[in-house]
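Number of protein chains: 2
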Amino acid sequence: MAEPLYRQIADSLRAEIEAGQLAPDAQLPTETELQQRFSASRNTIRDAIKSLIMIGLVETRPGQETFVAGRIEPLTTVLSGRSTGTGEMSELDMYISMKESKGRHLDVTDPQVGIQRARDELAIQLGVAKGQPVISRQQRLSIDDIPWSMQTTFYPMEFVNKGALRLIEEAHIEEGVPAYLRDAIGVTQNSSRDLIMARAPDRDEAAFFGLSGQVPVFEIQRTGFDGKGNPIRLAVIVYPADRNRFIYEEGPNPATPDGQQPLEGEIK
Amino acid sequence: MAEPLYRQIADSLRAEIEAGQLAPDAQLPTETELQQRFSASRNTIRDAIKSLIMIGLVETRPGQETFVAGRIEPLTTVLSGRSTGTGEMSELDMYISMKESKGRHLDVTDPQVGIQRARDELAIQLGVAKGQPVISRQQRLSIDDIPWSMQTTFYPMEFVNKGALRLIEEAHIEEGVPAYLRDAIGVTQNSSRDLIMARAPDRDEAAFFGLSGQVPVFEIQRTGFDGKGNPIRLAVIVYPADRNRFIYEEGPNPATPDGQQPLEGEIK
DNA sequence: GGGTATTTGTCCGTATGTATT
DNA sequence: AAATACATACGGACAAATACC
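If you read the sequences in order, they're chains A and B. Residues in the first sequence are numbered from 298 upward in steps of one, following our numbering. Residues in the second sequence are numbered from 298 upward in steps of one, following our numbering.
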């Protein structure tokens, strides 16, 4: 047995889908039909389908049928550039400006504010002592009713003591947190560092994003620094990898990507 | 039945692993033992284990047993900075310099050179007409005998016509391709754009990297531009997401990450 | 709303193949 | 060669979700 039967079946179906014989969003034959077609047991058919689910090619709906996964047009976000990296805008403001320019419908939940004690990683990244309280603000963002990102931002509690009281209010800060911090307590961000990783979603994330198969998420940790190089905030943003891409530009003459696939989410 | 049995078992095992009761690289009980312990059939136990494989928590070895996946210490690579973004170094040189500074053992295969006709995406990215020939150079990189990245770089055929003949030789270019292009034909890269995405590995990639479960890969497309903003090369680099992270720094005063997790791969 | 048919999800038992020790 | 453990494959049974009448 060179190749297991379930894998042969999976490859066969995969070929059909990629050849376009099975259109996106269209049904696959039912398990019973596939059973007859490949002369295999239902469990073997199901193993084949499972392997297709794993690579995100199909999705099943109980009571209905199995569908070829519709290709999602990924949103491309430019993460470099003065507007974000140096903190003139928050990461959310970036999308809000995109909405205006592109006419997309955008939903941002009110922040869920919490105070927790910083431990290990977080304490180091925010430059506070371990066990010190930090503020966390979590928001979820949807674009055209598709869940798009989950963002948690951490700030030292010290900022509130100094007068930035709105940080602990569960309301969106219209002018943007960076502008608010500057005006309220004179803290400005002028450099940043992004740490990018990919991993499997946890339960919450899978539920919010509706990740069926085994779609990974990006986790981007953006640390903002003031002029002296001290960390002033840490934003942890989680994006589903099937609908998001990122661009970083570098150098004196950043080329504008033209002709290429539509680069939405870019701010000018 | 609130929660399916196989999921309860998976959660139970997952809790044990994360609590450290089952050490990394140590065996899980055999399927037969788990069968007795949870009073479930072998197929159900296997379904539970499959779901753990999917999230990369365990790996099975036929004839042996099931192992808790050893935590891989991820390598963090700084992708911003003049040294890489403006093309003073190639992406591979970056790692070579890392090797020297950190004393790691590093293997780079000789490039596999090909000539193909550019179509669609590639033609646009390289700024050549569709159907024009382009050079591709593919190399694979391992660190301490662990497969680490696959890199394919594309150049316009025009460069060879102008005299950069070593581009089509299947030999490593010691001084680095950017330096060679500058000296040979006066082409210099002074800006770049990185497009970052994550996806499931294809067959080749899964085989080379030895990806067992459902570990995604990063695909980074780095386009290099000359002083006039014309694309001069496209590097497509694939990294397994379980052992790689990336950093981009921005702003006038890039903070050096200290105290944090070891930031290897950084060049100074 | 209820009932029924269809389809996928879960679970079991069993048999045989394959890889490793 | 034999024993052990995971991989594949089949068959059957019932549950849960959905659509339709």
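In this text, a Cβ means the ideal position worked out from N, Cα and C, and glycines have one as well.
List, in order along the chain, the chain A residues whose C-beta lies closer than 7 Å to that of I352/B? By Cβ distance, chain A contributes A497.
Determine, using beta carbons only, whether A538/B comes closer than 7 Å to chain A. The Cβ of A538/B sits closer than 7 Å to at least one Cβ of chain A.
Suppose the cutoff is 7 Å on Cβ atoms and the five residues either side in sequence are ignored; what does the same chain contact list for M494/B look like? Scanning its chain for C-beta atoms nearer than 7 Å, with the 5 sequence neighbours on each side dropped, one finds around M494/B the residues E516, in chain order.
Below 8 Å on the Cβ atoms is my guess for M447/B versus F364/B; work out the distance and round it to an integer in Å. With 8 Å as the limit, M447/B and F364/B do not qualify as a contact, their Cβ atoms being about 26 Å apart.
In its own chain, which residues sit with a C-beta less than 8 Å from the C-beta of A538/B, not counting the 5 before and 5 after it? Around A538/B: A495, V512, P513, V514, F515.
Give every residue of the same chain whose Cβ lies closer than 6 Å to the Cβ of S488/B, excluding the five residues on either side of it in the sequence, and list them in chain order. Non-local C-beta neighbours of S488/B in its own chain, meaning closer than 6 Å and more than five positions away in sequence, comprise F522, ordered along the chain.
C-alpha distance - E547/B paired with E418/A, whole-angstrom precision: Within the model, the alpha-carbon separation for E547/B versus E418/A is close to 21 Å.
For N527/B, count neighbouring C-beta atoms within 10 Å of its own C-beta (all shown protein chains included) and say buried if the count is 16 or more, exposed if not. When all chains shown are included, N527/B counts as exposed.
Any idea what DSSP makes of A495/B, helix, strand or coil? Strand at A495/B.
Along chain A, which residues have their Cβ under 9 Å away from the Cβ of M447/B? Within 9 Å Cβ-Cβ: nothing; M447/B doesn't reach chain A, min ~16 Å.
For chain B, find out if any of its Cβ atoms is closer than 7 Å to the Cβ of E563/A; answer yes or no. With a pLDDT of only 33 at E563/A, under 50, the local geometry of the prediction cannot be trusted, and the value read off the model is given with reservation. Interface annotation, E563/A: not in contact with chain B, CB-CB separation never under 7 Å.
Using 7 Å as the limit for Cβ to Cβ distance, is Q511/A near chain B? Yes, contact with chain B.
Just to confirm my understanding: we take P559/A, look at its own chain, exclude 5 residues before and 5 after, and list those with CB closer than 7 Å. What are they? Caution is warranted here: a pLDDT of 37 is assigned to P559/A, below 50, making its placement in the model unreliable, and no coordinate value can be reported.
Taking CB distances under 7 Å as the criterion, tell me whether I493/B reaches chain A. The beta-carbon of I493/B is placed less than 7 Å from the nearest beta-carbon of chain A.
Give me the Cβ distance between P444/A and R437/A, rounded to the nearest whole Å; I'm assuming they're in contact under 8 Å. Correct: roughly 7 Å between the Cβ atoms.
Please report the residue range of the alpha helix (DSSP H) in which Q333/B lies. Membership of Q333/B in the alpha helix (DSSP H) is indicated by the continuous run 328 to 335.
At a CB-CB cut-off below 7 Å, which residues of chain A make contact with F515/B? Going along chain A in sequence order, the residues near F515/B (Cβ under 7 Å) are A495.
Outcome for S567/A when other beta-carbon atoms lying within 10 angstroms are tallied against a minimum of 16: Absent from the model: residue 567/A. The displayed extent of chain A is 298 to 565, so no value can be given.
Is the distance from the Cβ of E362/B to the Cβ of Q305/B below 7 Å? Taking 7 Å as the cut-off, the beta carbon of E362/B is found no closer than this to the beta carbon of Q305/B.
Which residues in the same chain as K565/B place their Cβ atom closer than 6 Å to its Cβ, once the five residues preceding and following it in sequence are excluded? At K565/B the pLDDT is 24, less than 50, meaning the model places this residue with poor confidence; the figure from the coordinates comes in the next sentence. For K565/B, there are no CB contacts under 6 Å within the same chain when 5 residues up- and downstream are skipped.
Beta carbon of E328/A nearer than 7 Å to that of L319/A: For the 7 Å CB-CB criterion, E328/A and L319/A do not form a contact.
Using three-state DSSP, classify E547/A as helix, strand or coil. Strand at E547/A.
DSSP three-state call for E472/B: helix, strand or coil? Here E472/B sits in coil by DSSP.
Residues of chain A with CB under 8 Å from S348/B, in chain order? The contacting residues do not exist; S348/B stays about 10 Å from chain A at best.
Would you kindly work out how many angstroms separate the C-alpha atoms of Q486/B and Q413/B, rounded to a whole number? For Q486/B and Q413/B, the distance between alpha carbons rounds to 23 Å.
Rounded to a whole number of angstroms, what is the C-alpha to C-alpha distance between L302/A and L310/B? Taking the CA atoms as reference points, L302/A sits about 30 Å from L310/B.
CA-to-CA distance, L508/A to A307/A, given in whole angstroms: So the two alpha carbons sit approximately 21 Å from each other.
Going along the chain, which residues of its own chain have a beta-carbon closer than 6 Å to the beta-carbon of L531/B, five neighbours each way excluded? Q422, L423, F451, T520.
Does N458/A get closer than 7 Å to chain B when you measure Cβ to Cβ? With 7 Å as the cut-off, N458/A does not count as an interface residue toward chain B.
Simplified DSSP state of D404/A, which is helix, strand or coil: The three-state reading of DSSP puts D404/A in strand, counting E and B together.
Where do the N-terminal and C-terminal ends of the beta strand (DSSP E) with V425/B fall, by residue? V425/B -> no beta strand (DSSP E), and no H or E assigned at all.
Look at the alpha carbon of E561/A and the alpha carbon of Y536/A, and state the distance between them as a whole number of angstroms. Any reading at E561/A needs caution, since the residue's pLDDT is 39, under 50, leaving its predicted position unreliable; the model's value is listed next. In this model, E561/A and Y536/A are separated by some 16 Å (Cα to Cα).
Quick one: using the 10 Å Cβ neighbour count with 16 as the cut-off for buried, is D501/A buried or exposed? Taking a 10 Å sphere around the C-beta of D501/A, we find fewer than 16 other C-beta atoms and assign the residue as exposed.
Grab me the residues of E563/B's own chain with a C-beta within less than 7 Å of its C-beta, minus the 5 sequence neighbours each way, in chain order. Caution applies to E563/B, whose pLDDT of 33 falls short of 50 and renders its modelled position unreliable; the model cannot decide the point.
Using CA atoms only, rank isn't needed, just tell me which of S336/A, E370/A, L331/A, Q333/A is closest to N541/A. Of the candidates S336/A, E370/A, L331/A, Q333/A, the one whose C-alpha sits nearest the C-alpha of N541/A is E370/A.
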